[in-house]
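Residue numbers (the UniProt record's numbering): 1 to 570.
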């Protein structure tokens with residue numbers, strides 16, 4: 001009787017309409033797993049990764065407190081900068097970063113996102129210690145080069161990690177959350193620079209890479225990278241961790257979509273698949289069930305029926321992969337199987353696809369306008385700029401206020417991106433930066449002409465205008481392009497393209513930072529700020545025409561957007 005009722009009951013379950021079963025299953029899952037529980041591990045993983053961005057902000061801010069100390073005064077060890085050396089120190093890290101970015105793009109795939117994030121802490125730790133023990137400007141420059149290489153190496157894993165672990169609904173918020181740590185790094189260094197000397201600041205900063213290394217050891221590798229290397233069981237385990245420490249049943253739909261996307265995005269199948277492990281996950285075997293299997297089949301519920309129907313196509317594709325992998329095993333080397341790897345010509349041709357070139361051109365263009373908006377170009381020389389603008393307060397104190405302003409803008413960006421979207425956020429901030437930089441140019445001209453000094457009632461205006469300028473720069477112009485890099489490139493080529501985009505970004509950062517003092521000498525401060533304002537205005541026009549909306553879209557949907565002719569986002 002039991003044997004008769006078993007099949008009858010199973011047949012009855014199979015006859016239930018799939019949509020009805022999915023609806024009930026979805027309702028049950030929603031009741032069991034809260035949105036907070038799903039979001040929490042993604043936030044924790046992002047936080048561990050974001051500790052690197054804290055170090056990045058500290059690295060970028062550090063020249064601001066070193067340059068005025070060594071440009072005008074000798075240190076205890078007799079170190080002093082000339083104007084030329086100061087301009088090089090303010091920008092040399094940027095020109096070294098592309099080398100690190102390219103290296104990162106190359107090693108990111110074999111090494112993995114997680115281990116790349118761990119390794120990048122080593123050069124930063126060494127760099128901070130070299131700053132602390134420096135007794136000559138040569139040591140300072142060597143430390144800056146090492147830090148620059150480290151910053152470049154961090155970009156690709158940081159960009160790809162957050163894009164591959166987050167749900168589409170959280171991606172924009174968590175990328176903005178990343179910028180929060182960068183902004184806090186600025187605040188941290190400027191605050192320390194106000195209460196202690198730059199070498200003590202470096203010694204304190206050396207603790208951050210060590211803490212970051214330990215934090216990253218506690219988070220998982222991205223499911224996409226694990227899938228691309230044939231580690232299906234590990235990928236599912238990682239996804240379960242990232243979606244609220246749930247059981248595999250709760251993430252099967254998303255996991256199968258990832259498997260399909262990973263398969264479609266790669267030239268070849270994984271080198272090796274653990275057949276036994278995978279059979280336990282998706283029940284591919286048609287052999288006689290063991291006693292354990294019988295026990296499991298008696299406990300089958302509605303969820304398994306739906307899973308079997310919904311994921312049938314994906315399982316079949318994995319079967320093909322396994323057969324292909326088995327065929328390769330019978331040959332001398334799986335790496336030499338026909339179709340296993342793309343040739344160099346195919347790889348280059350693939351990198352020239354519209355899905356690759358269009359997003360690269362878009363994001364590099366955005367990086368150009370971001371760097372030549374002026375705020376980041378002037379950052380290493382803020383003390384001098386604030387003095388030239390006639391701020392009615394101590395310029396060192398002004399740097400702390402501006403860094404807190406940046407931090408506040410980043411917090412608001414994290415909230416606003418979900419409601420405004422990246423496109424409107426970018427356009428609003430570009431337009432605002434253009435207008436406010438024109439105002440800065442006007443007040444710089446008044447100060448150069450001696451008019452502002454005769455009008456003490458407007459002495460706070462330049463400070464207020466620059467405060468608003470820096471707010472909108474941090475609110476969107478400096479953050480949106482990095483959001484785009486983390487999501488607009490297809491998986492096949494994402495590591496290389498994100499590394500290349502980051503490298504080009506730092507080339508532009510070097511150009512903007514290195515040329516500021518020369519442009520100021522040639523055009524005066526009012527002229528160079530007017531040039532930066534015009535750059536932002538042109539950037540607004542171009543982004544209005546070509547920047548699509550990506551907020552809330554899956555990586556696959558974004559890829560399809562760039563596979564067609566670029567159109568204005570709606």
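Don't be surprised by glycine CBs; every beta carbon is placed ideally from N, CA and C.
Subject >> Separation of residue 562 from residue 437, as counted between CA atoms >> reply: 33 Å
**OP:** Can you have a look at residue 278 and say buried or exposed, based on whether 16 or more other CB atoms are within 10 angstroms of its CB?
**Re:** Unreliable positioning characterises residue 278 in this predicted model, as indicated by a pLDDT of 38, which lies under 50. A coordinate reading is not provided.
Original post:
With distances taken between CB atoms, is the gap from residue 33 to residue 250 smaller than 8 Å?
Top reply: yes
Original post:
Is it true that the CB of residue 498 sits closer than 8 Å to the CB of residue 430?
Top reply: no
Original post:
Straight-line CA distance for residue 379 to residue 466?
Top reply: 12 Å
Subject >> Among 416, 222 and 241, nearest to residue 491 - alpha-carbon criterion >> reply: 222
Original post:
Counting Cβ pairs closer than 8 Å, one from the stretch 196 to 215 and one from the stretch 125 to 139, do we hit at least three?
Top reply: yes
Original post:
Beta-carbon separation of residue 514 and residue 228 under 8 Å?
Top reply: no
Original post:
Using a C-beta cutoff of 8 Å, does residue 435 count as contacting chain B?
Top reply: Within the model displayed, chain B is absent; a lone protein chain is all it includes.
Subject >> Spatial distance of residue 98 from residue 540 (CA atoms) >> reply: 26 Å
Original post:
With DSSP run on the structure shown, which of helix, strand or coil describes residue 113?
Top reply: helix
Subject >> Chain-order list of residues whose beta-carbon lies under 7 Å from that of residue 533 (same chain, five-residue window excluded) >> reply: 434, 437, 438 and 441
Subject >> Residue environment, residue 449, which counts as buried when at least 16 other CB atoms sit within 10 Å >> reply: exposed
Original post:
Can you tell which of 373, 517 and 471 has its C-alpha closest to the C-alpha of residue 82?
Top reply: 517
Original post:
Which first and last residues belong to the alpha helix (DSSP H) in which residue 419 is found?
Top reply: 395 to 449
Original post:
Would you call the stretch 171 to 181 and the stretch 404 to 421 touching, i.e. three or more CB-CB distances under 8 Å?
Top reply: yes
**OP:** Would you check if the stretch 465 to 479 and the stretch 57 to 71 touch, i.e. whether three or more CB-CB distances between them fall below 8 Å?
**Re:** no
Original post:
Rounded to a whole number of angstroms, what is the C-alpha to C-alpha distance between residue 114 and residue 538?
Top reply: 38 Å
Original post:
Going by beta carbon distance, what residues of the same chain come within less than 6 Å of residue 459, once the five residues before and after it are set aside?
Top reply: 392
Subject >> Check whether residue 368 and residue 555 have beta carbons under 8 Å apart >> reply: no
Original post:
For residue 157, is the classification buried or exposed, using 16 other Cβ atoms within 10 angstroms of its Cβ as the cut-off for buried?
Top reply: buried
Subject >> Range covered by the alpha helix (DSSP H) that runs through residue 135 >> reply: Segment: none, residue 135 is in no alpha helix (DSSP H) and carries neither H nor E.
Subject >> Candidates 542, 493 and 559: closest to residue 102 by CA position >> reply: 493
Original post:
From which residue to which residue does the alpha helix (DSSP H) around residue 464 run?
Top reply: 461 to 472
**OP:** Quick one: residues in its chain with C-beta nearer than 7 Å to the C-beta of residue 63, no 5 flanking neighbours on either side, listed in chain order?
**Re:** 89, 90 and 380
Original post:
What's the gap between the Cα of residue 549 and the Cα of residue 189?
Top reply: 35 Å
Original post:
Can residue 58 be considered in contact with the ligand FAD, in the sense that its beta carbon sits closer than 7 Å to one or more heavy atoms?
Top reply: In the structure on display, the ligand FAD does not appear, and there are no ligands present to speak of.
**OP:** State the DSSP-derived secondary structure class of residue 151, mapped to helix, strand or coil.
**Re:** helix
**OP:** Count the other CB atoms, across all protein chains shown, that sit within 10 Å of the CB of residue 332; report buried if there are 16 or more and exposed otherwise.
**Re:** Confidence at residue 332 is low in this model, with a pLDDT of 36, below 50, so the placement of that residue is unreliable and no value is reported for it.
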